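Remember, our numbering sits 312 above the position in the first sequence when you count from 1.
Don't be surprised by glycine CBs; every beta carbon is placed ideally from N, CA and C.
Since we're looking at a predicted model, the values are computed, not measured.
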Amino acid sequence: MKIATWNVNSLKVRLPHVLDWLAENQADALCLQELKCEDKAFPLAELEAAGYHAVINGQKTYNGVAILTRSEPAEVVRDIPGFDDPQKRIIAATVAGVRVICGYFPNGQAVGSDKFDYKLRWLAALTEWVRGEIDRHDRLVLTGDFNIAPEERDAHPDWKDEIHVSAPERAAFAGLLELGLIDAFRLFDQPERSFSWWDYRMMAFRRNFGLRIDHVLISPALRSNCTACTVDKTPRKLERPSDHAPVIVEFDSPPVA
DNA sequence: ATGGCATAATCCTTATGA
Numbered sequence: 313m314k315i316a317t318w319n320v321n322s323l324k325v326r327l328p329h330v331l332d333w334l335a336e337n338q339a340d341a342l343c344l345q346e347l348k349c350e351d352k353a354f355p356l357a358e359l360e361a362a363g364y365h366a367v368i369n370g371q372k373t374y375n376g377v378a379i380l381t382r383s384e385p386a387e388v389v390r391d392i393p394g395f396d397d398p399q400k401r402i403i404a405a406t407v408a409g410v411r412v413i414c415g416y417f418p419n420g421q422a423v424g425s426d427k428f429d430y431k432l433r434w435l436a437a438l439t440e441w442v443r444g445e446i447d448r449h450d451r452l453v454l455t456g457d458f459n460i461a462p463e464e465r466d467a468h469p470d471w472k473d474e475i476h477v478s479a480p481e482r483a484a485f486a487g488l489l490e491l492g493l494i495d496a497f498r499l500f501d502q503p504e505r506s507f508s509w510w511d512y513r514m515m516a517f518r519r520n521f522g523l524r525i526d527h528v529l530i531s532p533a534l535r536s537n538c539t540a541c542t543v544d545k546t547p548r549k550l551e552r553p554s555d556h557a558p559v560i561v562e563f564d565s566p567p568v569a
């Protein structure tokens, strides 16, 4: 079983890349972030023609998340229950016996700003909801664009800003691990300076000046079945790419209940 | 010190991103 996450930075612009990527990778589930389109503008027909179901939670211009799945998704939840928020950042579905939570975590803009405060409140609400989800679903994957580089090695040494690497953000990430979740990427040997996002400016990709902010956290029940977790830099090299690369996690058997 | 690129919408300028 293969699950992936990809912040596409506009699904309308990136649809050709997504279709090519699905044809090449045949993922069982692909979690998308930053759709930047309303549900009525979602390219459902093209994705169904590629063999995928889709559950979506979109809005105009900003944010927006979706999960594409080969098998029929069930138990769909949109937004963090009980957290009043007009921003569409969460969608969850059960896929082939695995609870998949797809999130586009707030950026935060600058430490100490109103948006930073919102980011921390959002993270607190998410954590409490995910705690319950783990109780309800033994096999769970929390994935998406976390907008947090959890450790020093997850940020290029030249990264000057505090945002994405600040102590409160890293504490919130640690809080998710304290629920029992495991950073699948760190279960395996990885190249030095592995990142999932590179700025469009400053030739950042060519210089590998990036951040590892897109993550796949797995519940303990999935750990022994997890066989790989990689960043796929291929689409970042294409013309007009997303600034994020897909992150892929693989399991050695379909963990169907 | 600033912007540098990309996207969408308000569309020749602004908001946001990371």
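Among the residues of its own chain, which have a CB less than 8 Å from the CB of Asn520, if the five just before and after it don't count?
Closer than 8 Å at Cβ, skipping near neighbours: His468, Arg505, Phe507 and Trp510.
Can you tell me which of Gly394, Pro462, Trp471 and Asp466 puts its alpha carbon nearest to the alpha carbon of Arg433?
It is Gly394.
What residues are listed by DSSP as bridge partners for Phe563?
Paired residues: Cys538.
I need the boundaries of the beta strand (DSSP E) containing Ala366, first residue and last residue.
Element bounds for Ala366: His365 to Asn369.
In or out: Tyr512 buried (at least 16 other Cβ within 10 Å) or exposed?
Tyr512 is exposed by the Cβ-count criterion.
Which runs of the alpha helix (DSSP H), 4 residues or longer, sit entirely within the stretch 325-380?
Entirely contained in the stretch 325-380, the alpha helix (DSSP H) runs reaching 4 residues are, in chain order, 356-361.
Do Leu331 and Ala362 count as a contact pair if the criterion is CB distance below 8 Å?
Cβ distance < 8 Å, so Ala362 and Leu331 count as in contact.
Who are Asn319's beta bridge partners in DSSP?
Gln345.
Evaluate Pro558 with the Cβ neighbour count: other Cβ atoms within 10 Å of its Cβ, from every protein chain shown; 16 or more gives buried, anything less gives exposed.
Looking at its Cβ environment, which holds 16 or more other Cβ atoms inside 10 Å, Pro558 is buried.
Would you call the stretch 433-443 and the stretch 359-376 in contact, with 3 or more CB pairs under 8 Å?
Counting Cβ pairs under 8 Å, fewer than three are found: no touch.
So is Met313 buried or exposed if we call it buried at 16+ other beta carbons inside 10 Å?
Buried, because 16 or more other Cβ atoms sit within 10 Å of the Cβ of Met313.
Give the straight-line distance between the Cα atoms of Pro385 and Thr406, rounded to the nearest whole angstrom.
Their backbone Cα atoms lie some 6 Å apart in a straight line.
When the Cα atoms are used, what is the spatial distance from Met514 to Val543?
Between Met514 and Val543, the C-alpha separation is close to 21 Å.
Taking Cβ to Cβ, would you say Leu342 is nearer than 8 Å to Gly376?
Against a cut-off of 8 Å, the Cβ pair of Gly376 and Leu342 comes out as no contact.
Distance check for Tyr364 and Ala461, CA to CA, integer angstroms please.
Taking the straight line joining both Cα atoms gives about 31 Å.
How long is the line joining the alpha carbons of Leu489 and Asn459, rounded to whole angstroms?
For Leu489 and Asn459, the distance between alpha carbons rounds to 16 Å.
Should the stretch 320-331 be called in touch with the stretch 528-541, which here means at least 3 C-beta pairs below 8 Å?
Touching, no.
If I'm right that Ile475 touches Gly420 with Cβ under 8 Å, what's the distance once you round it to whole angstroms?
Contact flag correct, Cβ pair sits at about 5 Å.
Below 8 Å on the Cβ atoms is my contact criterion, and I expect Gln345 with Gly456 to pass it. Report the Cβ-Cβ distance as a whole number of Å.
Contact flag correct, Cβ pair sits at about 6 Å.
With which residues is Val543 paired in a DSSP beta bridge?
Val559, per the DSSP bridge assignment.
Could you give the first and the last residue of the continuous beta strand (DSSP E) run that contains Arg390?
Segment Ala386 to Arg390, the beta strand (DSSP E) holding Arg390.
Among the residues of its own chain, which have a CB less than 6 Å from the CB of Asp351, if the five just before and after it don't count?
Excluding residues within five positions, the ones whose Cβ falls inside 6 Å are Ile368 and Gly370.
By the three-class DSSP mapping on this structure, what secondary structure does Ala486 have?
Here Ala486 sits in helix by DSSP.
So, with DSSP's three-state summary, where would you put Trp434?
In this structure, Trp434 counts as helix in the three-state DSSP scheme.
Restricting to runs no shorter than 3 residues, where is the beta strand (DSSP E) found entirely within the stretch 406-471?
Complete beta strand (DSSP E) runs here, min 3: 410-416 and 452-457.
Out of Leu359, Val325, Asp397 and Lys372, point me to the one whose CA is closest to Thr381's CA.
The shortest C-alpha separation from Thr381 is found at Leu359.
Identify the continuous beta strand (DSSP E) that holds His527 and give its terminal residues.
Counting along the chain, the beta strand (DSSP E) containing His527 begins and ends at Asp526 to Ile530.
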